[in-house]
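Per mature numbering (1 follows the signal peptide of the UniProt record, and there is no 0): the sequence shown = residues -19 to -1, 1 to 126. As structure tokens, the structure follows; a few thoughts come after it.
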Amino acid sequence: MKNLIIITLLAFGMTPVLADEKTTELTIVFTNISKKVKGDGYLSLYNDKKTWLKEEKALKSLRIPHDSIKNGTVTVTLSLPQGEYAFSSWFDKDGDGKMDKNFIGIPKEPAGMANNQRPSFGPPKYKKSVFTLGEDPVTQTIKVK
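As structure tokens, this is what we get:
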């Protein structure tokens, strides 16, 4: 019984720490989305280099409904704890819900990375996509290609 009381007190003592976690808004404006895109967009948010580009291990994954794209632009706003993040996104050109790739694995679907990173050879690098979300809101405008 004594242990239960101590655990309960510890749990209640930790609650304010979790509640006081500071969050900041991240706004991502995707532009240049082709009229040929027939499906939804997909956004994967990461905060760890080890999970970068592993969609199943993303910190957060979002589907961006196709009907929210207006004049080639869509805006996504998230409220997140302060820290370092990176994101990848792609827009489903043929509406099949799958990222189509060519014979060597390069995506054929329109995509965009944090910081507008455009890799030349190989996959996008985490260190080039990472950004800090501090006290002030952050807006990233990503030109989808």
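C-beta atoms are modelled at their ideal positions from N, C-alpha and C, and glycine is treated no differently.
Task: Gln121 to Asn97 span [Cα, whole Å] - done: So the two alpha carbons sit approximately 8 Å from each other.
Task: Residue range of the unbroken beta strand (DSSP E) whose run includes residue 137 - done: This structure cannot settle anything about residue 137, because the visible part of the chain is limited to -19 through 126.
Open item on the list: Buried or exposed, going by whether 16 or more other CB atoms sit within 10 Å of the CB of Pro62?
Closed with: Exposed is the call here.
- [ ] Determine, using beta carbons only, whether Val119 and Pro91 come nearer to each other than 8 Å.
- [x] Using a Cβ distance threshold of 8 Å, Val119 and Pro91 do not count as a contacting pair.
- [ ] Drop a sphere of 10 angstroms on the beta-carbon of Phe102, count the other beta-carbons inside from all chains shown, and report buried for 16 or more, exposed for fewer.
- [x] By the neighbour-count rule (16 or more Cβ atoms within 10 Å), Phe102 is not buried but exposed.
Task: Terminal residues of the alpha helix (DSSP H) in which Ser110 lies - done: Element bounds for Ser110: Tyr107 to Ser110.
Task: Integer Cβ distance of Ala67 from Tyr107, believed to fall under 8 Å - done: So it is a contact: roughly 6 Å between Cβ atoms.
Task: Element boundaries [beta strand (DSSP E), containing residue 127] - done: The structure shown does not extend to residue 127, since the chain is modelled only from -19 to 126, so the question has no answer here.
Open item on the list: Beta-carbon within less than 7 Å of Arg44's beta-carbon, same chain only, minus the 5 sequence neighbours each way: which residues are those?
Closed with: Result list for Arg44: Asp21 and Tyr23, in chain order.
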